[in-house]
Every structure is written in C-alpha cells, then in structure tokens.
Amino acid sequence: MRRRDELPPLDWDELNPYYCTVCHRRIPQKVSDRNAGLCDACLARRQAEEESRRLAEEELRRQEEERRRQQEAARAAQDAARYQADTHLGICSACGSRNISEYTVTESGGTRELACCLGCFVFWPLLLLIPFLGFKKRYRRCNYCGNEWSV
Ligand SMILES: [Zn+2]
Ligand SMILES: [Zn+2]
C-alpha cells in the first residue's frame with residue numbers, strides 16, 4: 001500500500017509524457033497545455049525573441065516614419081519656394097503666386113480660316129502676307145497652381 005506522499009505529482013502523467021517541442025525536456029502536461037508545448041524556459045526565450053523582433057520592427061517603422069516626415073518637409077519647402085518665386089509677370093488670380101510664365105501660341109481655327117476666305121475672294125494679295133501676320137496669342141500660366149489666362 002502506497003502512502004499518499006509517495007504518489008507521483010498530480011500534474012505528472014507517466015504513461016503519457018509531454019516533452020518541450022524545442023528542447024525536448026520532459027514537462028508536466030499542465031505546463032505543456034499552458035505554454036502550447038513549451039517548457040517555461042523555452043517559452044520565456046521565445047517571448048524574449050518575439051519582444052526583440054517587435055522592438056526591431058517598431059524601430060524600423062519609426063525610421064520609416066521619420067524619413068517620410070523629412071521627405072514631406074522637403075517637399076513643403078520646395079513647394080513654398082515655388083510659390084514665392086517672383087518672375088515679375090503679375091500675380092495668379094487663383095493662388096496669389098508671382099511665379100508666372102508666359103508663352104505664345106499660334107491660333108488656328110475660325111479666325112484664320114475666315115481670313116483665308118476673305119483673302120481669296122476679296123483681298124487676294126493679302127494672302128501673301130498671311131505667313132507674316134501670325135495670329136498669335138499670349139498666355140500666362142501660374143507655375144504654382146497651373147492656372148492659365150490669356151493676356
Ligand atoms: Zn524547452
Ligand atoms: Zn496660381
């Protein structure tokens with residue numbers, strides 16, 4: 001007859017032993033269930049590894065965030081410089097920037113065709129002048145917001 005204190009511990013099942021899946025040491029079932037098959041030491045090590053990986057990822061994310069912030073600041077500075085540049089061609093009515101560029105385009109279409117017809121039927125000698133007349137129109141464009149207008 002065995003005395004009670006000779007019995008194996010309640011959480012130790014000799015017939016169905018559990019092993020740590022990492023270090024293969026025997027562990028009580030209770031510990032295996034609680035730690036998902038790991039002994040306490042291996043669980044602690046795995047948690048420490050996960051913690052350090054998490055910290056590393058966090059650090060990476062922080063650096064990425066910092067880089068993005070710097071890029072944004074650089075872009076904002078560039079933007080401000082573009083807005084403040086003064087080309088002495090007036091002010092954009094849409095955004096107030098003085099960064100304006102001017103260009104000319106040769107108009108084609110109605111006006112020119114009408115002139116051609118008139119030239120052919122009435123003032124045909126003027127036809128010879130058409131290449132030199134140049135139906136040109138001047139435009140100004142805001143280099144900041146892209147607003148365009150004719151002058
Ligand atoms: Zn272990
Ligand atoms: Zn503008």
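In terms of this note's numbering, the sequence shown opens at residue 1 and continues consecutively. The C-beta atom is built at its ideal place from N, Cα and C for all residues, glycine as well.
Can you tell me the Cα-Cα spacing of residue i and residue j, whole angstroms?
i, j, result
"Q71", "C39", "48 angstroms"
"R98", "G90", "6 angstroms"
"R138", "E65", "46 angstroms"
"V151", "T104", "10 angstroms"
"A41", "R75", "51 angstroms"
"Q63", "A56", "11 angstroms"
"A73", "C145", "19 angstroms"
"D33", "L60", "34 angstroms"
"N35", "L43", "7 angstroms"
"A85", "W149", "19 angstroms"
"Q78", "A94", "20 angstroms"
"T106", "A80", "33 angstroms"
"Y83", "E58", "37 angstroms"
"C92", "R69", "30 angstroms"
"E51", "R67", "24 angstroms"
Which residues in the same chain as residue i place their Cβ atom closer than 8 angstroms to its Cβ, once the five residues preceding and following it in sequence are excluded?
i, result
"S152", "There is no way to answer for residue 152, as the model of the chain reaches only from 1 to 151."
"C23", "C39, A41, C42"
Is it the case that the Cβ atoms of residue i and residue j are separated by a distance below 8 angstroms?
i, j, result
"S19", "Q29", "Note that residue 19 is Tyr in the sequence shown here, rather than Ser. Result no, Cβ atoms of Y19 and Q29 do not sit closer than 8 angstroms."
In its own chain, which residues sit with a C-beta less than 6 angstroms from the C-beta of residue i, not counting the 5 before and 5 after it?
i, result
"G37", "T21"
Got a sec? Which residues, its chain only, sit under 7 angstroms from residue i by beta carbon, not counting five neighbours each side?
i, result
"V31", "C39, D40"
| Any alpha helix (DSSP H) of 4 or more consecutive residues that is wholly inside the region 11-47 | Runs of the alpha helix (DSSP H) inside the region 11-47: 29-34.
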